[in-house]
Structures are given as C-alpha cells and as structure tokens.
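K.L.:
What follows is a structure written as structure tokens; I'll ask about it next.
In our numbering, the protein residues as written are 140 to 608.
Okay, structure coming up:
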C-alpha cells in the first residue's frame, strides 16, 4: 500500500512524504520538489495605459521580486502594472525560497503599442445605407478644400468644402464605370479647373485607367478612359510648365507609363519604362524634371527621372528593400520617400528615407515601432514637410484594434531622422488614412472609417495641428 502524506515546507524547499507498505514492512521517503519560478501575464501585447495582470505560477517560492523593465518593481505575489510609454520591455521575476538565499528567475517580454485615440476635429461623411470611401484631398487656390471619394462601388464623389462641415458644392458621377471606381490623385490646375485620375476595377488584372477634368464649379469638361486589353491604372498627375497634363500610369503591373494630355484632353504622347516596375507617385522637381517612384520586382524601391519630353535620365533601384508609395522633394533639394520595409524577423515596418537627388543614394532611413516586431505592422502612404519636420500618414495594424490611422513626426534637421511623435487614430473597427494635406498650421487627412459615423464605411476627414492633435 502507498500512502501520500501532506506536503510540508522546510527552509530548503517543499517535501512530500511517501509511505510504502510491503508485507508489513513500512518504508518512507522524502521526495524533494525544487524551486521553480513561473508566471503568466494576462496579455503579452498591450497598449499604453492598459492594465496587465501577472498570475504567479511558481512552486515552492516563499517571496518574489518583480522588475517590469521600465524602472518599476514589485514584491507582490500577483502584481498588476500599467506601462506609460511604448516599447518592448523585459519583465523579470525572481522567486526566493524561505532560506532567503536560493533563487530562480524567469523572464518574458511585453510589447507596448501606442494607444488608439479619437481625434477632436473629426468629420465623417456618409449614410447608414451606403459605403463611402475617401481617396484624396487638396487645397484650392481660393482657400477651400476639395475632397474626392466614392459612394458604394461606382459613384465618384467630388466635394468642395470650407472645412468638411460647410460644403460649397458636391458633384457625383455615377456613370463612369460598370465596376468599382478608385481615385488615386486630384490636382487643381492654374486655370482653377480640376483633374482627377484613377482606374475602374472590373476584375482581377482587368483595370481601365481614367482621367476626368472638371471646371471650378464641379461640372465635367471632358474625360478619357483607356479601355484596352492591358491592365492600366493611373496613379498620379502633374501640370507641366506649358499647361499640359503629365499622367503617371501602371501597365499590367509590370511597366511605367507617362502620358501627356493637352488641356482639351487629347493624348499626344506616351512612353513606357521598365519591365517589372510598379509606379506609385510622381513629382515635378525644382529643375523641371519628372521624378517617379515605386517598386521594382515587388521588393526594390526605384526612382525614374526624365525630362519634360519623357527622355530617360536616371533609372535605378534605391538602397532600400520593401515598397515605396510616395515621393516628395525636400527644401534642400533631396527627395524623401515613404512606404514599408520587411525586417530580418519578417515583420513589416513603415519606412521613411531621405534620398540624395544626384546619385540617388540613401542619406538615412527610419522606421517607427521597430521594437514591435511581429506584434504589429505599419505602412506609410503619404508624407509632407513642415519646416525641419516630416509628417507621415499610414496604417497601423495589430491584434488589439485591427487597422488604425498612424501619424508620425520626424525631426530631420540633423544627419538622421529623429522620431518626435507617434499618434494612432481609430476605434474598434477598421480605419484607414490615405492622403495627407498640410495647410500652414493645419494638417488634414482623408480616408475611411468603420469605427465612427453611420455604422457603414464612411469618409474619414480629420483636422489636426502640427503636434498631431
């Protein structure tokens, strides 16, 4: 017969008395149970301000010392803690025997992400029965704002507004396409007319690029649709010094197309570049060069530079890996690009980089939330310069709050970029920021929200100050 007695402690650990009776003889053995430190956090990924509870699962321990990695400690058996800043923190618990000498240690890491916030000056545009998406925003010469979005699948919405609340006019174009309509860029021309470019999505690899020109009151002047066997998407548009339009396109997701239109909508010139290149953004440089950025072979950002006649001058991959979605020219003449990069641990981080305009070498690059690793993903989709600062807009995704809008502010006055601020705006559902607009001391972004508004997807239009509040 085997008999287990009640366990008892000594100064050295936990013992269990085992009695074994064999044919009238009784044998007893003390079984030693060693000290083992262990704990279970309520979550390993949290946001700033969240309370995390630690459940002690140690055996034999008489006392405990906790270090939360942020300068705070505890001697409670089952403590709670609140982190006040973002980062990756190592939590260390030391379990101590009753002898006060014997110890065991366990460590784990906590990832603390930025908290999601609700912006004070938020406007949602939409109804309870329709989906509305915001694509682009620009400031007009008369000081008003122009929003471009989509209602449901086919209705292109163009709204001229003072502030998002007070509309001057709204134009809807519901006869543009049989499929989904996506607007990628809007530009006010020197004569106050408005040009919008994008594409119609009918099915996978069956897109038709479009360009539409409106007068200053939102009335259609002309439109053009590239309805060919190719998969064509218009990405960006600029006004040339002679008043004509230069449009950036993607052909079959493999090559770059530059198209030139007269003010009357006549396509006069078209040139293609590359074989595995997807363009995303374009600018007219301070020296009247056309500069295009995008991604080569799905992994290598590139820059293409041509003159106004589309004669190639530079075309090379950058010293970066990942994808680029926006390029701007800085006040010192260099370029800045925004997108994402894949790190050595296979996580996706938002990317901003400064590029030398002459040799196209990388001056510096930076990514926020590098500590997050696989706990979240980020991508930058737009970028503006304000003095010696860059402000970037994008999307932040994690398991706690789905997709949110992320904004980052960098100081670029030195030899590298210094992160100043991170803000995450959104709610319980999915929220996206697509385009950023800087207007003196006001900052606007437009996108879509599921968290606020009518309950459907609504246009998400937010005004912030330069502190991203």
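From the three backbone atoms N, C-alpha and C, an ideal C-beta is built for every residue, glycine too.
1) So what's residue 514 in DSSP terms, helix, strand or just coil?
2) For residue 414, which of helix, strand or coil comes out of DSSP?
3) On the DSSP bridge assignment, give the partners of residue 376 in chain order.
4) Buried or exposed, going by whether 16 or more other CB atoms sit within 10 Å of the CB of residue 483?
5) So within the stretch 418–443, which uninterrupted beta strand (DSSP E) runs reach at least 3 residues, ignoring any that extend past its ends?
6) Around the Cβ of residue 567, are there at least 16 other Cβ atoms within 10 angstroms (buried) or fewer (exposed)?
7) So, at 8 Å on beta carbons, what are the nonlocal neighbours of residue 403 in its own chain, with the 5 sequence-adjacent residues on each side left out?
8) Below 7 Å between beta carbons: does that hold for residue 394 and residue 413?
9) Where does residue 215 fall in DSSP's three states?
10) The beta strand (DSSP E) spanning residue 449 covers which residue range?
11) Report yes if the C-beta of residue 356 is less than 6 Å from at least one heavy atom of the ligand GDP; otherwise report no.
12) Would you call residue 432 buried or exposed, if buried means 16 or more other Cβ atoms sit within 10 Å of its Cβ?
13) So, is residue 405 buried or exposed, given that buried needs 16 or more other C-beta atoms within 10 angstroms?
14) Examine the Cβ distances between the stretch 273–283 and the stretch 235–250 and report whether three or more of them are shorter than 8 Å.
15) Return no unless some Cβ of chain D is closer than 7 Å to the Cβ of residue 483.
16) Is it buried or exposed, residue 554, if we count other Cβ atoms within 10 angstroms and call 16 or more buried?
17) Work out the CA separation of residue 193 and residue 350 for me, nearest whole Å.
18) According to DSSP, which residues form a beta bridge with residue 206?
19) Output needed for residue 150: all residues of its chain with C-beta closer than 8 Å, excluding positions within five of it in sequence on either side, in chain order.
20) Determine, using beta carbons only, whether residue 416 and residue 435 come nearer to each other than 7 Å.
21) State the beta-bridge partners of residue 180 as determined by DSSP.
P.N.:
On the basis of the supplied data:
1) Secondary structure of residue 514 (DSSP, three-state): helix.
2) The three-state secondary structure of residue 414, taken from DSSP, is coil.
3) Bridge partners of residue 376: 386.
4) So residue 483 ends up on the exposed side.
5) With a minimum length of 3 residues, the continuous beta strand (DSSP E) runs that stay inside the stretch 418–443 are 429–435.
6) By the Cβ-count criterion, residue 567 is exposed, with fewer than 16 other Cβ atoms from all chains shown falling within 10 Å of its own Cβ.
7) For residue 403, where only same-chain residues beyond five positions count, the Cβ hits under 8 Å are 361.
8) Yes, Cβ-Cβ distance for residue 394 and residue 413 is below 7 Å.
9) In the structure shown, residue 215 sits in coil (DSSP, three-state: anything other than H, G, I, E or B).
10) From DSSP, residue 449 is part of no beta strand (DSSP E); its letter is neither H nor E.
11) This structure lacks the ligand GDP; in fact it carries no ligand of any kind.
12) When all chains shown are included, residue 432 counts as buried.
13) When all chains shown are included, residue 405 counts as exposed.
14) Per the Cβ contact rule, the stretch 273–283 is not in contact with the stretch 235–250 (fewer than 3 Cβ pairs under 8 Å).
15) Among the protein chains of the structure shown there is no chain D, as only one such chain exists.
16) Taking a 10 Å sphere around the C-beta of residue 554, we find fewer than 16 other C-beta atoms and assign the residue as exposed.
17) In this structure, the straight-line span from the alpha carbon of residue 350 to that of residue 193 is close to 58 Å.
18) DSSP, once it has assigned bridges, lists 212, 231 as partnering residue 206.
19) With a pLDDT of only 43 at residue 150, under 50, the local geometry of the prediction cannot be trusted, and the value read off the model is given with reservation. If we look at residue 150 and ignore the five residues flanking it on each side, its Cβ neighbours are 236, 237, 238.
20) Against a cut-off of 7 Å, the Cβ pair of residue 435 and residue 416 comes out as a contact.
21) For residue 180, which the question treats as bridged, DSSP gives the partners 193.
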